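In full-length UniProt numbering, the protein residues as written are 1 to 704.
For every residue, glycine included, the Cβ atom is placed at its ideal position computed from N, Cα and C.
Nothing here was measured: the structure is a model prediction, and the numbers come from that model.
And the structure:
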């Protein structure tokens, strides 16, 4: 199809491709992707050439990918001569004689999507339905498809039926009203899973006024198949209440909340995979992922009975980019999974030169404990070796500290300042000291830090003792052993956890594929962004330098020699040494980027500030970190070729016990979260009447 295709050309092409007679009416419609989650939104019907052109435009923008084609067949003569050859009686053992030959109908049709056409005849209490998908000689691929077709048929046309006989060879139903002649008899084709309709009585002779209920309710599987497409390519998809409304508005069927929930679970499992089968695919999936992304390190561990325990994955592109262009500070954290078998997702991430998240490795384990964290770090050490220039930042989880001491004894360890402040408030009721402790942790000079610690110990000796026992080298910026480039919290890892909030509900393979998809997207977008950036430093680094130039405008510079300068600051005079890249304010030393005093000294020399910045902030290394794309697995799952030893591995789900109480979707709020939420929104709202802040139109008393 192109922008010149007409509606008549589209119809002709479809009918020819599917071998359908020209007398058949074809109707085209589509559902724009942006409306998939809008319950009750109708499909867009293509009725003229202009609407064909609109659909082509949607496809080019990838706003719609599915074209629905409905075929309407002309109703065949019910008493015509064609039917005589199809009215062979089945054996007495398969058929109970309740069907009436004079109402048997037939037509020739394809095996496409079911289409229902309804015709009503005012003949007292007789209503007849012309259903093109339930005709004599109509074949169904499986018995499930046959049953689903009639469930939808009964649901749409407000009648119920009873199953007369159902086994591997025969499926026979009739109307639930005893006096009604409507019924269907289908039989299995030998040597296949197909079922073919042998007898179909098309007329309902039951009275509408004698019905006890509106119609038959479809099963969870049938409803799940109806809503299946609404879960493809989206994070959430319809909720149970949305499904209830959809079934009521679109199909005239009232369903319970539990049935809607089961239908949603079925649809989600069909799109994302069944959890049990997902674990069985782990060896094959990891093998194919390594083949698609050379240098990727994956590993998994099973219990003695073959049940899943741990999994690790680190993409080769991330590892190579880390060694070439990323600061040697790794933030680690764990978050709970919300799928059927629970577990914990472990994350190791860094920040690139533009201060964006740069994921290094992921792990799926049973929980955060000594064994799981040690196993995770041992696998991480395969791709990132222990080194004195390496630093880790984490929360105060004891298992992380123990594991790092064993696997990374040379690396420096830092703790998240947010978790430290929360413990101060929670354990020592030191809410009034939070500001002072935060200032002490942010101090760039040791003298400033010591002065603040003295004040803290005077106000609350217990808090001071706690901070000292927590090891000031791990939480105080100026006392840290090594370089952490002002990465003082676990926010980077927690941000990745937040980005994976929906995939954390998926089974393990869809979860891993969502991680891969996220990395593929991030690497692509940042590769394009960095390639268009023409400045010496990264985008955000340039902004920082610009702000420091503005702040240092009023400073004077007094040269000491060709590399040293005295720059009187706001509070004290600073000695800047450009050769050693230091400043007595401490900021240049720790952040590896010129502070406002150093920037003023560099400009005084007539040189460029980017030449005195750490190379990790340069645009060249920014581009290098994303130069390799993260590739998906291109082969369909049924064509995967793996070694025999991988094929033979059997992985079963882990043992899991559901926790008591309501299912939690979010982590518990920390003290800091509660304080922040109690302070209200940060955004200041303005009055729409006078334009001033602090009140609204209803309480405004300012004269205008």
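#1: Please classify residue 113 as buried or exposed, where buried requires at least 16 neighbouring CB atoms within 10 angstroms.
#2: From residue 594 to residue 387, what distance separates their C-alpha atoms?
#3: Could you give the DSSP three-state label for residue 505: helix, strand or coil?
#4: Spatial neighbours of residue 273 within its chain, please: C-beta separation below 7 Å, excluding the five flanking residues on both sides.
#5: If you follow the beta strand (DSSP E) that residue 391 is in, where does it begin and where does it stop?
#6: Starting from the C-beta of residue 311, find all residues in its chain whose C-beta is less than 6 Å away, skip the five residues before and the five after it, and write them out in chain order.
#7: Just checking, does the region 390–397 make contact with the region 326–345 on the three C-beta pairs under 8 Å criterion?
#8: How many Å lie between residue 255 and residue 150 at the Cα?
#9: Take residue 188 and list the residues in its own chain whose beta-carbon comes closer than 6 Å to its own, dropping the five residues that flank it on each side.
#10: From residue 353 to residue 581, what distance separates their C-alpha atoms?
#11: Just how far apart, CA to CA, sit residue 636 and residue 167?
#12: Grab the span of the alpha helix (DSSP H) containing residue 548 for me, first residue to last.
#13: How would you label residue 242, buried or exposed, when you count the other beta carbons within 10 angstroms and need 16 or more for buried?
#14: Since residue 374 contacts residue 407 with CB under 8 Å, what's their CB separation in whole angstroms?
#15: Taking the alpha-carbon positions, what's the residue 100 to residue 67 distance?
#16: Might you give, ordered along the chain, the residues of its own chain that have their beta carbon closer than 7 Å to the beta carbon of residue 492, omitting 5 neighbours on each side?
#17: Just how far apart, CA to CA, sit residue 103 and residue 202?
#18: With a threshold of 6 Å on Cβ separation, who are the neighbours of residue 598 within its own chain once the five nearest residues in sequence on each side are excluded?
#19: Nearest CA to the CA of residue 143: which residue from 172, 193, 183 and 177?
#20: Tell me which residue opens and which closes the beta strand (DSSP E) that residue 357 is part of.
#21: Using the Cβ count rule (16 or more neighbours within 10 Å means buried), how would you classify residue 161?
#22: Could you spell out where the alpha helix (DSSP H) holding residue 251 opens and where it closes?
#23: If residue 403 sits next to residue 370, beta carbons under 8 Å apart, how far is it from one beta carbon to the other, in whole angstroms?
#24: DSSP on residue 445, reduced to helix/strand/coil?
#25: Residue 629: which of 613, 321, 424 and 540 sits nearest, CA to CA?
#26: So does the region 474–488 actually touch the region 413–430, counting three or more Cβ pairs closer than 8 Å?
#27: On a CA-only basis, which of 227, 695 and 547 is nearest residue 250? Give me that one, please.
#28: Rounded to whole angstroms, what's the CA-CA distance from residue 549 to residue 642? Just pull it up for me.
#29: When DSSP builds the beta bridges, which residues end up paired with residue 429?
#30: List the whole-angstrom C-beta distance separating residue 502 from residue 623, where the pair is believed to meet the contact cut-off of C-beta under 8 Å.
#31: Answer with buried or exposed for residue 572, where buried requires no fewer than 16 other C-beta atoms within 10 angstroms of its C-beta.
#32: Which residues does DSSP pair with residue 559 in a beta bridge?
#33: Locate the alpha helix (DSSP H) running through residue 601, then write down its first and last residues.
#34: Kindly indicate the opening and closing residues of the alpha helix (DSSP H) around residue 376.
#35: What number of angstroms, rounded off, separates the C-alpha of residue 655 from the C-alpha of residue 307?
#36: When you compare the region 530–544 with the region 645–652, are there three or more beta-carbon pairs, one atom per stretch, that lie closer than 8 Å?
Straight from the coordinates:
#1: A caution first: residue 113 carries a pLDDT of 35, below 50, which makes its placement in the model too unreliable to give a value.
#2: 26 Å
#3: helix
#4: Cβ contact annotation for residue 273 (same chain, cutoff 7 Å, sequence separation greater than five): 507, 509 and 510, in chain order.
#5: 391–394
#6: Hits under 6 Å: 300 and 364.
#7: yes
#8: 17 Å
#9: 169 and 195
#10: The alpha-carbon atoms of residue 353 and residue 581 are separated by roughly 18 Å.
#11: 34 Å
#12: 539–551
#13: buried
#14: Rounded, the Cβ-Cβ distance is 7 Å, consistent with contact.
#15: For residue 100, the predicted model reports a pLDDT of 37, less than 50, meaning its position is unreliable and no value from the coordinates is stated.
#16: The beta carbon of residue 492 lies closer than 7 Å to those of 331, 349, 351 and 357 in the same chain, with the five residues before and after it left out.
#17: Its pLDDT being 33, under 50, residue 103 is placed unreliably by the model, and the measurement read from it follows with that caveat. Each residue's Cα considered, the two are about 6 Å apart.
#18: Hits under 6 Å: 576, 583 and 588.
#19: 193
#20: Where residue 357 is concerned, the enclosing beta strand (DSSP E) stretches over 357–365.
#21: A residue is called buried once 16 or more other Cβ atoms fall within 10 Å of its Cβ, and residue 161 is buried on that count.
#22: From DSSP, the alpha helix (DSSP H) with residue 251 extends over 240–251.
#23: 7 Å
#24: coil
#25: 321
#26: Here the region 474–488 makes contact with the region 413–430; the two share three or more CB pairs at distances below 8 Å.
#27: 227
#28: 58 Å
#29: Bridge partners of residue 429: none, in fact.
#30: At roughly 31 Å, the Cβ-Cβ gap does not stay under 8 Å, so residue 502 and residue 623 are not in contact.
#31: exposed
#32: 565, per the DSSP bridge assignment.
#33: 596–605
#34: 370–383 is the extent of the alpha helix (DSSP H) around residue 376.
#35: 8 Å
#36: no
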